[in-house]
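Structure, as structure tokens:
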Amino acid sequence: MVDSEMVLTGQTIAYTIYCIVIILVVAWFTWKVTGSGNGKGVKPALFYTFVGFLAVLGVSLHIITLNTIPWTKMDLNRSDYTPDKSFNITVSNHQFILPAEKMVVNVNDKVLFDVTSEDLTYGFGLFREDNSMLFQMQVVPGHRNDVIWHFDRPGVYTIRSTEYSGPRGAAMIVKDAVHVLPENAAN
Amino acid sequence: MSFTKTLIFGEEGLFKSETLTPMQKLTLRFVVVGLIYFGFVVIEGMLMRLYEVKPLPFISEPQFFAILTAHPLVGIFGSTYSIVCGAFLFLVPFLMKKPLWSIKLGNWTFVLIAVGTFVFWFSGFVSHYAPLYTLYWPLPADFSQFSVWGGTFFIVGIALVMVGTALFIINIFKTIAYTPEGWEKQPSGALLSSALGITGFNNLFRKNKKEHLVPLPVAAVARGSVDMALNTITILFTGVLILVYMVGSILGYDLKETAIDALLYKNWFWWGLDLIADGLVLIFVAGTWYLLAMMITGKPLFMQNIARAALLVELVVSWTVWSHHLLSDQAQPAILKVVSGEMVTAFELITQGLAFFITLATLWSARPLKMTNPLKFLLGGLLGFALAVPAGIMQADVGLNRILHNTQWVVGPHVHVAILIGLTMTLYSAIYLLFPILTNGAKIYSQKLANIHFWCHLVGGIGMGAFMGMAGLNGMLRRTLYVNGEFNLFMILAAVSGALILIGFLAFFYNIVMSVGLKGVLGIFTPAKVKTKDLVPQG
């Protein structure tokens, strides 16, 4: 299944190719525009084609991600999903207050994280052991901050605040807070 | 000339500050102060880059976050606003072929932006007030973390900048519309309609089209100034709100922070802030590209009417894109995320892409061009936005934002490449182009140094953005510290890139000082001896 690591790999490849192409285009243009030439103008048809291309590109990016990134639809329609497990977490005074029981889930569980802030605006993110991000959301005081995540592989995840909340926010880390066990393993 | 003589009197002694008009002095003051604040920003940036590799013993953690707070604000207000205000206060009357409405007001703008920036920078430096430029409620009023007095001075400094900005906007619109003494009465209403795009819009429904009374770059400045005005109102209102809490605390009243809804505040704040990031910056930049392309080539702009219409579209787009900053806020309505956050934001790809194409096509029509400093920096600026805008469109996606928000990706390939390469190289192009006009024919001291400036800035800026982006894709957050060296490889490479930018800036600064001489630099700040409202000396 497509996970955030794969999405980021795809993005890295696509953006890197784009960067190389656009740098080469500008370099080629610079070479041509300062080289020999006759000052012939650009045809309007080329301009309109370019604008059309940009319009298609801008819209298709979102259509493609909506249909290929697995969490997008679930994210926009959270109320339509029934989670397999729910965890209520409170954040107060730069501390994550986790549920009393250990946060253990099984592979393929859809898990709801409902995070409440009692004072400042924080962030809530899950990170892999290599520090890469699984997902994150903002935690705004006075509002419901919930995300459903489908865990598709085993792992151990660290919680980290992903929003600046003053100098003390940098220390808001709970190591190995969420454990995802292989399917059918005993909790 | 000997080195000492050049250092004192400038290259070949050509720059004579006593020949400058008040308008030239005003513009040059803005540019000098803007460049000094850019130096602040580069040094602050380098300190943070080094701190991200290994905490520096002479900087405490609260000081680091105070620098993090001041860095973008000094960059935007102290540096960019100074240079942009100075350039446009000169260029609008230059293009309208009439004097600036009020040089006095222009001087007040200069003083308020320069002093206001110093006040907020210094109060942050002393008190470590660090709620970041995002000011997410109720952090700016969290007096358990921050000094209330430091915060008060900080906000007052920002307010001074905003008042200076308001005076700039008044001066711009007055200059477009007023009738100079002894002139035939100018059609004020029609001039403003043309500048704001109302004439162009009405032309869509008219058989007999009305001609555009203001040049295209002036229309861009006017429309960008609308966003600037709305942004000024937003920031001033936000500042007053924060000040109410601060004054309350100073007087011993603990006002209830929950009286302000944090999400509503965030929507309000980002709506206002995006008027800079997605409004006036993009509109001003497009207008500057068009002006530079026309001045470099001496030819009319390609697809001029489309460019005018696009500026109007960009203005409307800038009022409706703010939600892309709230894609990770789960309480934000999904409809706002998709329509404002994704779809309207995607329009920026079209409007900015269109400006990119029109500028290139205008240059193309004048082949072969000589590779001058204005041309090479303009091409650098175009490349910067061509790299940064798609990076922004990618993160303004509901799916991708879940794994990109607040990572180094946002601030690297998008923000730093847009500002350092796109915006700053465009400004450098304008500075190189206007240099002989503003200095009455002074010569650049060294072309070699100008080339070093160009390559160091371009490679350093793209490199920094790229390595920050790689760190972000690997999970590194922005606005925090990694004290165990988790992302050191990327941060060291980003620091090396930052060092290149610093070298480039030093080369540029030295080159400019040697071009005009120390005497000339000081002369810019003395009262003008030539008493005239003309932009440049006549005859």
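Residue numbers (the numbering used here), protein chains in the order written: chain A, 1 to 187; chain B, 1001 to 1539. Ideal placement from N, C-alpha and C gives every residue a C-beta, glycine not left out. Quick caveat: nothing in here was measured; it's all calculated off a predicted structure.
Going by beta carbons, residue 1390 of chain B and residue 1349 of chain B fall inside the 8 Å limit. Residues of the same chain with a CB within less than 8 Å of the CB of residue 1308 of chain B, apart from the 5 flanking positions on each side, are 1197, 1200, 1212, 1216, 1219 in chain order.
Ranked by Cα distance from residue 163 of chain A, the options A:31, A:177, A:141 are led by A:141.
Within chain A, no C-beta atom comes nearer than 8 Å to that of residue 1426 of chain B; the closest sits roughly 14 Å away. When rounded, the separation of the alpha-carbon atoms in residue 1053 of chain B and residue 1485 of chain B is 7 Å. By the rule that beta-carbons nearer than 8 Å mark a contact, residue 1137 of chain B touches chain A.
Per DSSP, reduced to three states, the secondary structure at residue 1097 of chain B is coil, with no helix or strand assignment. Under a criterion of Cβ atoms nearer than 8 Å, the residues of chain B adjacent to residue 144 of chain A are, in order, 1330, 1331. What residue 1365 of chain B touches in chain A, judged by beta-carbon distance under 9 Å, is 39, 40, 41, 42, going in chain order.
Among the residues facing chain B, residue 24 of chain A is not included, as its CB has no counterpart in that chain under 8 Å away.
Under a 10 Å Cβ-count criterion, residue 10 of chain A is classified as exposed, with fewer than 16 other Cβ atoms of the shown protein chains found around its own Cβ.
Contact note: residue 1394 of chain B reaches chain A through 11, 15, 61, using a C-beta cutoff of 8 Å and chain order.
Cβ neighbours of residue 119 of chain A within its own chain (closer than 7 Å, five residues either side excluded): 92, 93, 141.
Per DSSP, residue 1508 of chain B is one residue of the alpha helix (DSSP H) stretching across 1488 to 1524. In terms of CA proximity to residue 1417 of chain B, B:1498 leads the group B:1372, B:1498, B:1365, B:1406. In this structure, the alpha-carbon of residue 1189 of chain B lies about 39 Å from that of residue 1373 of chain B. Taking 7 Å as the upper bound on Cβ-Cβ separation, chain B lies near residues 127, 131, 132, 133, 135, 136, 137, 138, 140, 141, 142, 143 of the stretch 127 to 143 of chain A. If you look at residue 89 of chain A, you'll find it in the beta strand (DSSP E) that goes 85 to 92. Contact annotation, residue 1442 of chain B with residue 1011 of chain B: C-beta distance approximately 7 Å; criterion of less than 8 Å satisfied. Boundaries cannot be given for residue 1261 of chain B, as no alpha helix (DSSP H) includes it and DSSP labels it neither H nor E. Not one beta carbon of chain B lies nearer than 8 Å to the beta carbon of residue 112 of chain A.
With distances taken between CA atoms, residue 1289 of chain B lies nearest to B:1378 out of B:1319, B:1378, B:1371, B:1242.
Going by C-alpha positions, residue 111 of chain A is about 55 Å away from residue 1030 of chain B. For residue 125 of chain A, the enclosing beta strand (DSSP E) has its first and last residue at 122 to 127. Interface annotation, residue 183 of chain A: not in contact with chain B, CB-CB separation never under 8 Å. Under the DSSP assignment, residue 1278 of chain B falls outside any alpha helix (DSSP H); it carries neither an H nor an E label. Among the residues of chain B, none has a CB under 7 Å from the CB of residue 86 of chain A; the nearest is roughly 14 Å distant. In the DSSP assignment, residue 13 of chain A falls outside any beta strand (DSSP E) and within the unbroken alpha helix (DSSP H) covering 4 to 34. Between the alpha carbons of residue 1535 of chain B and residue 51 of chain A lies a distance of about 39 Å. Given a length threshold of 4 residues, each whole run of the alpha helix (DSSP H) inside the stretch 1065 to 1128 of chain B is given here in chain order: 1082 to 1096, 1103 to 1127. Between the alpha carbons of residue 48 of chain A and residue 1358 of chain B lies a gap of roughly 11 Å.
The residue among B:1089, B:1394, B:1425 with its C-alpha nearest the C-alpha of residue 1164 of chain B is B:1089. Closer than 8 Å to the CB of residue 1405 of chain B there is at least one CB belonging to chain A. For residue 71 of chain A, the enclosing alpha helix (DSSP H) begins and ends at 70 to 76. Assignment of residue 1340 of chain B by DSSP, reduced to helix, strand and coil, places it in the helix class. The residue among A:126, A:144, A:121 with its C-alpha nearest the C-alpha of residue 157 of chain A is A:126.
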